[in-house]
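From first to last, the protein sequence lines are chains L and S.
Heads up: the first sequence begins at 936 in the numbering used here, then just goes up one per residue.
Heads up: the second sequence begins at 31 in the numbering used here, then just goes up one per residue.
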Amino acid sequence: MILLKIVALGIVDAIAVYALFVLVLSDEWLVAGIVAVVTIAVNWIYFSHRALPAKYLTPGVLFLLVFQVFVVGYTAYVGFTNYGTGHNSDKAQAVQALMSSARERVPDSETYKVTVVESLQGLGMLVTDPEGDAYLGAPDSPLERVDAVMEGGVAVAVDGWTSLSFSDVLKRQSEVFDLEVPFSSDLNEGVLRTADGSSANIYTSRLVYDDVADTMTNTATGEVFADTGEGAFVSESGEELLPGWRITVGFDNFARAFGEESIRDPLISVTLWTIVFALLSVASTFFLGLFLAIVFNYKRMRGRKFYRIVMILPYAFPAFLSALIWSGMLSERYGFVNQVLLGGAEIPWLTDPLLAKFSVLFVNLWLGFPYMFLIATGALQAIPDDVVEAATVDGAKPWQVFRLIKLPLLLVTMAPILISSFAFNFNNFNLIYMLTGGGPRDASAAVNVGATDILISMVYKVAFTGQFRDYGLASAFTIIIFILVAVISIVSFRKTRMLEDLN
Amino acid sequence: MSTTRSITTRGGETFEKRPFRFGRWLAETGWRHLVGVVLILFCLFPLAYVLSASLNPAGTLTGSNALFSNIGVGAYERLFSDPSQPFAAWFGNTMLVASITAVATVFLGALAAYSFSRMRFTGRRFGLMSIVLIQMFPQLLAVVAIFLLMNAISDWFPAIGINTHIGLIMVYMGGALGVNTYLMYGFFNTVPKDIDEAAKIDGAGHARIFFTIILRLVAPILAVVGLLSFITTTNEFVVSSIVLIDPEKQTLAVGLYKLVSNPNYADWGAFSAGAIIAALPVVILFLFLQKYIVGGLTAGAVK
């Protein structure tokens, strides 16, 4: 046991040391510091004899902190930035990318003999200038004079770097082709690029960066682009150079979400529909499930077990597949429902805004009622017979017994399940995305959103589909979901007193 | 002499046997079977439809409408032969990711549930409350941040970043505590503490008690949580669609979705065949373990 512990900790520590090494090499001191502190804490926890609960909690909590707590905080941060297509990196990288995209080979310039070399940080270039001196450079460190091994007047190897052979260069052609080594610390002097891995030329950019004035100048047209604090270089005529960079924009995303009519209106209707959809889904599945539980909870009936297994099937079948199958069956022109069940009618089940909403609810009923049936059956059977008998003796009719005795008891036991079912449907991404894709699309909206979109599918579409990915706006929407979910949780936990029962 | 006789069913319920009268049977039991038949049609026709479509070599959506008119395995052959839709890889990836996630989830959750159930420490109540609250915020809400985080990780450690199964599993493991610990915690509490104490007196340490005694006693809940985690992971689309990029690395949910993103033009037969194969492991597991699952669902309300 102790041996196992030491081996496991040894592996963890080895990985941590490797991670530290990589992080320090790429100058990520903050992350490296966190990794170091966590590693020390983990070692202390498992070697000390005092931290017993922590020994059991640490593994899960670590993952929870990174992939659930941290990402929620990070979402909140991204909501206040302009992060998205064209604003993905920091300013230095944006300057580099802009210049690199505008680079052209300097006409009639010198050709240098080079050897492509590699270290842990990536590829670099070992350059021999016409005088026969050797220089070494990498994408983030400009050329510097080095002592290298020479062969026929060309530097071929240098300490601390591995030279790539001709076949290595061929194998990693695209990497080598993308390699750009700055000629000097001033980017405007250009970079060396190699097409074949053995000779390089100087490329300079049509865009010139002036780091004193913080402007980009297009040398061809003379136009000047300045950093106006909007995360991109903008010319006086308002033309933007993309890529720009990431900046915090304060409440801009929220101002857009609530201010611009073409975003605000769909946001409001999507929020309302999300709540209506979740409520109606819970209500419809609950009542159908309960009705069936009552129908089949009858001792004299044979074959109850058979019905139960058949009913579990829609629940057991993976939900994303069911939604895809239904989307085919409900297809307007070729679907099974229109063609066979309705004899060739062309009802736009998924393409008419109102009918699409109905279809979503209907398919969710199909998917969800078995679950409610199972739970309601259990809850019904848990109601003691003598309560019902007492009521019957007192002269209550069956309907009264149900409404005044069984239903209240059922609601009490099923309340937590109804709440969690509501929470689940509130974020039932798969059903919406697989069945209708959120459509039919709302043409008047500035974001890609449709009549059946719920909040989470809208977030996904804004962030990950289409030409323009807007992580900032999507995160702002996510924060709105967080707030809604928090309010709903607080209210429901208050009502059910669930948290107070914890001990 | 009495005309009635007591009958005991296999479920242990008892009722009086009465002489058979059709009118009464129809009023009391028969209509229930009528509801049952309607229900069977409602539940099964989409499943029958997809089974028939998968056996139909035609492949178009229209061609799939005549149920079981045309039987052949052409759709299954197409499914496995088209290199642009590496179905076998999707299936393998999904099984791999879902099984590892299930095992890891169960393990992490059981560790935490054990400490909450058996130990008293500062912050215990706060920990339990946080876990119940975190349940309300599913991981997929933070999908944008997860994507950006995985991108950042890729820059330093490509082996566990974007487009790797390990990266995806790590993200799923972040959801392990929030979703399942409370369910397990309740079950751990039902195991009497006397057992631990007896073992402790006999000289067993906490790790031995956990691994050799408690884990065996709570095996049913471990199976339920593992299975539910397996099913959830199989169904998961959002995170998997942004973390995995290469078609050969993707999971069934993403692959099959892309296969029919436009049902009017898709190879509907191949999709149906894929759906049948993809659903089989889950449905079989579910039917085998349904007794435990229903118990677990009632206790913890998941899915």
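Ideal Cβ placement from N, Cα and C applies to all residues, glycine included.
N-terminal and C-terminal residue of the alpha helix (DSSP H) that residue i is part of
i	result
arginine 150 of chain S	It is not in any alpha helix (DSSP H) - arginine 150 of chain S carries neither H nor E in the DSSP assignment.
isoleucine 1367 of chain L	1364–1370
tryptophan 298 of chain S	298–318
valine 268 of chain S	268–273
serine 1262 of chain L	1254–1264
tyrosine 287 of chain S	282–289
glutamine 1316 of chain L	1288–1317
For residue j and residue i, the rounded distance between their alpha carbons
i	j	result
valine 1051 of chain L	isoleucine 244 of chain S	59 Å
leucine 1114 of chain L	methionine 1034 of chain L	14 Å
isoleucine 164 of chain S	leucine 69 of chain S	37 Å
leucine 1390 of chain L	isoleucine 1203 of chain L	10 Å
serine 1098 of chain L	glutamate 1053 of chain L	6 Å
lysine 279 of chain S	glycine 1278 of chain L	42 Å
tyrosine 1138 of chain L	threonine 194 of chain S	36 Å
valine 65 of chain S	phenylalanine 1005 of chain L	50 Å
alanine 1011 of chain L	glycine 1072 of chain L	39 Å
leucine 286 of chain S	valine 103 of chain S	19 Å
tyrosine 1233 of chain L	cysteine 73 of chain S	21 Å
arginine 1376 of chain L	valine 1384 of chain L	6 Å
arginine 1191 of chain L	isoleucine 1198 of chain L	7 Å
alanine 951 of chain L	glycine 1374 of chain L	47 Å
leucine 923 of chain L	leucine 1127 of chain L	Nothing about residue 923 of chain L can be reported from this structure: the residues present for chain L run from 936 to 1438 only.
asparagine 1363 of chain L	tryptophan 1284 of chain L	20 Å
isoleucine 937 of chain L	glycine 235 of chain S	12 Å
valine 1245 of chain L	leucine 317 of chain S	10 Å
leucine 1248 of chain L	arginine 51 of chain S	34 Å
valine 977 of chain L	threonine 281 of chain S	33 Å
alanine 943 of chain L	tyrosine 981 of chain L	10 Å
glycine 1019 of chain L	tyrosine 991 of chain L	39 Å
aspartate 224 of chain S	methionine 149 of chain S	14 Å
phenylalanine 217 of chain S	tryptophan 1096 of chain L	58 Å
methionine 1060 of chain L	glutamine 1028 of chain L	20 Å
leucine 319 of chain S	phenylalanine 1112 of chain L	56 Å
valine 313 of chain S	methionine 125 of chain S	14 Å
7 Å Cβ cut-off: residues of chain S touching residue i
i	result
glutamine 1003 of chain L	Ile164, Gln169, Gly204, Gly205, Gly208
Neighbour list for residue i in chain L, Cβ cutoff strictly below 7 Å
i	result
glutamine 320 of chain S	Ile1247
isoleucine 243 of chain S	Chain L residues near isoleucine 243 of chain S: none, gap ~14 Å exceeds 7 Å.
asparagine 95 of chain S	Phe1271, Gln1274, Val1275
Beta-carbon neighbours of residue i, restricted to chain S and to distances below 8 Å
i	result
valine 1420 of chain L	Met166, Phe167, Leu171
glutamate 963 of chain L	Trp186
Any non-hydrogen atom of the ligand SAM within 7 Å of residue i CB
i	result
valine 67 of chain S	Absence of the ligand SAM from the depicted structure is noted, as is the absence of any ligand whatsoever, leaving it without description.
Beta-carbon spacing of residue i, residue j below 8 Å
i	j	result
alanine 1032 of chain L	proline 1178 of chain L	yes
lysine 1292 of chain L	threonine 1387 of chain L	yes
leucine 179 of chain S	tyrosine 1009 of chain L	yes
threonine 263 of chain S	valine 127 of chain S	yes
leucine 138 of chain S	methionine 214 of chain S	no
valine 1420 of chain L	proline 1201 of chain L	no
valine 1397 of chain L	phenylalanine 1417 of chain L	no
alanine 1446 of chain L	glutamate 1175 of chain L	There is no way to answer for residue 1446 of chain L, as the model of chain L reaches only from 936 to 1438.
isoleucine 1414 of chain L	glycine 1014 of chain L	yes
alanine 143 of chain S	threonine 242 of chain S	no
alanine 305 of chain S	isoleucine 1260 of chain L	yes
valine 1075 of chain L	tyrosine 1047 of chain L	As written in the sequence, residue 1075 of chain L is aspartate, which differs from the valine given in the question. No, they are not a contact pair.
N-terminal and C-terminal residue of the beta strand (DSSP E) that residue i is part of
i	result
valine 1062 of chain L	1057–1063
lysine 1048 of chain L	1046–1054
arginine 1141 of chain L	No beta strand (DSSP E) holds arginine 1141 of chain L; DSSP gives it neither H nor E.
arginine 1038 of chain L	1038–1040
Cross-chain neighbours of residue i in chain L, by beta carbon under 9 Å
i	result
valine 133 of chain S	The contacting residues do not exist; valine 133 of chain S stays about 13 Å from chain L at best.
asparagine 236 of chain S	Asparagine is not the amino acid found at residue 236 of chain S; the sequence shown has histidine there. Within 9 Å Cβ-Cβ: Leu987, Lys990, Tyr991.
serine 145 of chain S	Leu987, Pro988, Ala989, Lys990, Tyr991, Leu992
methionine 200 of chain S	Phe998, Val1001, Phe1002
Partner residues on chain S for residue i, Cβ-Cβ distance less than 9 Å
i	result
leucine 1114 of chain L	Here the premise fails: no neighbours, minimum Cβ distance about 17 Å.
asparagine 1383 of chain L	Per Cβ cutoff of 9 Å: no residues; asparagine 1383 of chain L is ~15 Å from chain S at best.
valine 1013 of chain L	Val174, Ala175, Leu178
valine 1323 of chain L	Going along chain S, no residue has its Cβ under 9 Å from valine 1323 of chain L, so there is no contact; the nearest lies around 15 Å.
Minimum length 3: unbroken beta strand (DSSP E) runs contained in the stretch 1145–1210 of chain L
Counting whole runs of 3 or more residues, the stretch 1145–1210 of chain L contains the beta strand (DSSP E) stretches 1150–1153, 1159–1162, 1168–1170.
Going residue by residue through the stretch 109–178 of chain S, where are the continuous alpha helix (DSSP H) segments of at least 4 residues, counting only ones entirely within it?
Annotation note: the stretch 109–178 of chain S contains the following uninterrupted alpha helix (DSSP H) runs of length 4 or greater, listed N- to C-terminal: 117–148, 154–164.
My parser needs the beta strand (DSSP E) runs of 3 or more residues fully inside the stretch 1064–1127 of chain L; what are they?
You should have 1069–1073, 1076–1080, 1084–1086, 1089–1092.
Just list the alpha helix (DSSP H) runs in the stretch 1358–1435 of chain L, keeping only unbroken ones of 4 residues or longer that don't cross its boundaries, in chain order.
Correct list: 1364–1370, 1390–1399, 1406–1431.
Would you mind listing the alpha helix (DSSP H) stretches within the stretch 978–1007 of chain L that are 4+ residues and don't spill past its ends, in chain order?
The alpha helix (DSSP H) runs lying completely inside the stretch 978–1007 of chain L and spanning 4 residues or more are 987–999, given in chain order.
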